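Notes follow once the structure below has been shown.
Residue numbers (this note's numbering), protein chains in the order written: chain A, 158 to 454; chain B, 24 to 304.
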């Protein structure tokens with residue numbers, strides 16, 4: 158608290174030590190800060206409550222054990238498809254993004270780094286439907302993969318890539334020069350310093366960026382409409398091309414337009430599952446990271 | 024005494040140096056020259072940081088480098104283990120000899136050099152890992168993997184740094200949980216663990232409180248029996264307390280170098296006298 162607490166006994170006089178104007182400004186600032194918090198949290202809470210209440214009638218074990226049939230059934234195919242798409246996309250985007258971020262920060266000359274950073278920032282701003290359409294033109298038709306897991310996952314990976322790359326770049330940049338010096342002074346090579354100290358220190362920043370990207374990928378619809386298609390079926394070991402995949406956001410996007418209460422409930426259930434998935438992912442991964450950085454091997 | 028016990032991780036060292044006869048400890052002034060600087064110039068781009076530095080740093084004692092901010096004392100220290108190499112536009116002229124080898128010559132590998140010439144920095148720099156892993160960092164880098172060996176090196180390094188009794192039950196805890204003074208002693212232990220010959224310290228106590236400072240100073244004097252110590256300090260009382268020789272640097276030039284007593288009581292140069300009596304700096 159900024160406002161000084163007046164000393165016991167001399168309370169009356171000490172209070173006059175802080176001008177009325179300052180106290181008013183302090184109070185105003187505190188109120189504004191709390192108001193901002195409320196403005197952010199209330200819509201989130203409202204949305205969560207609304208989605209949950211509508212999803213309730215569809216929430217049953219059946220949701221996880223049956224696939225969609227028309228606009229009814231469960232969400233098994235969509236859940237599995239979403240996981241397959243996002244896992245594959247994450248593997249691709251995190252591999253490329255982390256390596257790219259390391260290169261930009263550690264090895265590239267300023268002249269080489271600038272266009273890469275610029276490209277990443279521009280890519281992050283490209284509307285996802287454009288990336289979806291680009292994926293459709295290149296992978297679905299030109300390469301002839303059809304609506305497929307691989308086309309969908311790569312489209313998602315393109316969307317995730319700039320977030321992972323820039324997060325890696327910035328997280329490495331935030332590691333203090335002193336740590337780097339300390340490692341170098343112990344006779345570590347640049348590669349050893351990078352692997353054992355820099356990446357370790359930057360890990361939580363990199364993971365935060367990757368989680369943000371995974372969250373975005375989980376919630377994407379537009380690029381998948383053009384690349385993954387939709388399917389009522391799923392396979393544990395799917396073919397990467399030529400078979401369309403189902404995913405949760407498709408259910409949200411299309412089922413909500415159907416004139417059936419059961420379809421609506423499924424759409425809300427899909428949204429509910431997505432929210433829970435993002436939440437769980439954040440909690441679990443963060444916990445693992447904290448343990449990994451603080452404890453010894 | 025890690026120096027005698029630790030046979031591992033030393034294979035990189037020049038055998039000629041290992042076989043040199045140990046100097047008797049009770050003859051403090053029989054020290055040989057560890058570093059010899061001869062007309063050494065350092066440039067960062069166009070900036071002329073160090074100008075014609077010529078001095079000899081004796082082994083097995085504490086040598087202090089003093090001078091006002093920006094006089095080049097840290098740069099001088101960092102020249103000794105080539106920590107300036109990453110500065111863009113860095114260029115040197117003249118010579119720095121470390122036990123007769125030209126530090127900036129073709130035959131010297133900076134990575135090996137830094138193993139033999141350790142460094143402790145102004146602010147404690149614990150790595151984001153456990154206390155044990157911090158100390159084991161250097162030995163692991165240099166190929167020591169056997170658990171029992173690591174345990175021994177970590178314990179003896181922490182003992183030498185006067186930290187063992189504090190941390191022996193919390194070796195698995197993150198190093199960042201230690202206090203500032205303890206972190207700095209951990210950094211010293213980490214440096215000792217790679218078994219260097221020289222320890223460079225760049226204002227090692229300027230971020231510490233007085234009692235932590237005293238502990239570090241006592242530690243340095245104990246370590247000087249076995250290691251060559253060079254300390255850069257802002258604090259002239261500290262230089263007077265811990266060092267046997269003192270170098271006074273001003274604007275990149277070595278103004279005066281000699282026994283600490285003489286530098287503080289009867290310096291030859293007027294500028295040294297002005298600085299140590301607090302007229303500027």
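Built from N, CA and C at the ideal position, the CB exists for glycine as well. Small disclaimer: the values here were computed from a predicted structure and weren't measured.
In the displayed model, residue 66 of chain B falls within a strand according to three-state DSSP.
A distance below 7 Å separates the beta carbons of residue 251 of chain A and residue 367 of chain A. In the three-state scheme derived from DSSP, where H, G and I count as helix and E and B as strand, residue 291 of chain B is classed as coil. For residue 200 of chain A, the uninterrupted alpha helix (DSSP H) segment begins and ends at 177 to 212. Around the beta carbon of residue 399 of chain A, fewer than 16 other beta carbons sit within 10 angstroms, so the residue counts as exposed. Chain order gives the chain B residues near residue 357 of chain A as 150, 151, 152, where near means a beta carbon separation below 8 Å.
For residue 354 of chain A, the nearest beta carbon of chain B is closer than 7 Å to its own beta carbon.
By the Cβ test, the segment 234 to 247 of chain B is not in contact with the segment 160 to 179 of chain B, since fewer than three Cβ pairs between them sit closer than 8 Å. Sequence-distant partners of residue 358 of chain A (beyond 5 residues in either direction) whose C-beta falls short of 7 Å from its own C-beta, in its chain, are 332, 336. In the displayed model, residue 111 of chain B falls within coil according to three-state DSSP, outside both helix and strand. According to the DSSP secondary-structure assignment, residue 56 of chain B is paired through a beta bridge with B:81. Checking the DSSP bridge columns, you'll see residue 222 of chain B partnered with B:141, B:252. Annotation for residue 251 of chain A: the continuous alpha helix (DSSP H) segment containing it runs 233 to 259.
CA-to-CA, the gap between residue 432 of chain A and residue 66 of chain B works out to about 57 Å. Of the residues B:114, B:140, B:196, the one whose Cα lies closest to the Cα of residue 150 of chain B is B:196.
Put simply, the CB of residue 247 of chain A is far from chain B, with every gap to its CB atoms at 7 Å or more. A distance below 7 Å separates the beta carbons of residue 225 of chain B and residue 145 of chain B. Going by beta carbons, residue 104 of chain B and residue 134 of chain B fall outside the 7 Å limit.
Between residue 401 of chain A and residue 304 of chain A the beta-carbon gap is near 4 Å, inside 8 Å, which marks them as a contact.
Here residue 119 of chain B is near residue 60 of chain B, since their CB atoms are less than 7 Å apart. Judged by DSSP in its simplified three-state form, residue 295 of chain A adopts helix. The C-beta distance from residue 208 of chain A to residue 425 of chain A rounds to 6 Å, short enough to fall under 8 Å. One thing to note: residue 78 of chain B has its Cβ within 7 Å of the Cβ of residue 280 of chain B.
Look at residue 377 of chain A here: in three-state DSSP terms it is coil, with no helix or strand label. According to DSSP, residue 365 of chain A shares a beta bridge with no other residue. In the structure shown, residue 288 of chain A falls within a helical segment according to DSSP collapsed to helix, strand and coil.
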